[in-house]
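**Q**
In the UniProt record's numbering, the protein residues as written are 1 to 232.
Given below as structure tokens:
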């Protein structure tokens, strides 16, 4: 098991690394893969890190296993070999990877803890997902479990476990119960954060290593921020 930070070079915070996988703590604002903005993606930063650390000639292989929304921070897993990528993909598809998120919201949910079940439909025109209580055409079932873990002066800290991984799932499902995430203008919070982040953090991940077969447990430190600091 590993919770040790191995590197913080060039603003890349490596949480776990071996010959097969690398797990990093994404900063809010970073994109996981390249998009139309042309901004340098996190995948390229990780490739450069590997190339430099191991003096690798030529192109470096790196497989993207999953993504986090740009304004979200926290754990992202990459595959270092083409052999391990499909194994990691299979773990995600079979829900064998346990992911825990922390979210800061302003309103206290009606229930201390609950399971939210919705049908989500994405609108690609505004890159936003909408919740529905019943299945509609092109919608996907979304399930998450939340519990209140701390009351701050003006906010509430929720811990979230995902059963499904839908587009903007946590953001839209929490908004649907009147608890939009701090800074998330897209889903109803009243003002943005100065750095355009939202207070959603992929905090913990746990799974059985697809090659070594040992248990991996990684916790991502919170961003340096007054509100996040109050959560500890």
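Just so it is clear, CB atoms sit at the ideal spot from N, CA and C, and this is done for glycine as well. Fair warning: this is a prediction, and the values are worked out from it, not measured in the lab.
Use the C-beta contact count for residue 166: other C-beta atoms within 10 angstroms, 16 or more gives buried, fewer gives exposed.
**A** Label assigned to residue 166: buried.
**Q** The alpha helix (DSSP H) with residue 156 in it runs from where to where?
**A** Taken as a continuous stretch (DSSP letters only), residue 156 belongs to no alpha helix (DSSP H), being part of the beta strand (DSSP E) at 156-162.
**Q** Let me confirm a value: residue 145 is counted as buried when at least 16 other C-beta atoms fall within 10 Å, else exposed. Which label applies?
**A** exposed
**Q** If you drop the 5 nearest sequence neighbours on each side, which residues of the same chain put their C-beta closer than 6 Å to that of residue 205?
**A** 75, 99 and 218
**Q** When DSSP labels each residue in this structure, what does residue 72 get in the three-state scheme?
**A** coil
**Q** Considering only residues of the same chain and omitting the five flanking positions on each side of residue 2, which have a CB-CB separation below 6 Å?
**A** Confidence at residue 2 is low in this model, with a pLDDT of 39, below 50, so its placement is unreliable and no value can be given for it.
**Q** Use the C-beta contact count for residue 4: other C-beta atoms within 10 angstroms, 16 or more gives buried, fewer gives exposed.
**A** Note that residue 4 has pLDDT 41, beneath the 50 cutoff, so the model's placement of it is unreliable and the number below is only indicative. With fewer than 16 Cβ atoms within 10 Å of its Cβ, residue 4 is classed as exposed.
**Q** Looking only at C-alpha atoms, which of 54, 173 and 53 sits nearest to residue 164?
**A** 173
**Q** Report, in whole angstroms, the separation of the C-beta atoms of residue 207 and residue 96, which I expect to be a contact under 8 Å.
**A** Residue 207 to residue 96, Cβ: 6 Å. Contact.
**Q** Nearest to residue 142 by CA position, among 159, 153, 121 and 152, is which residue?
**A** 121
**Q** Quick check for students: name the residue ranges of the alpha helix (DSSP H) that lie wholly in the stretch 42-87, counting only runs of 4 or more.
**A** 42-54
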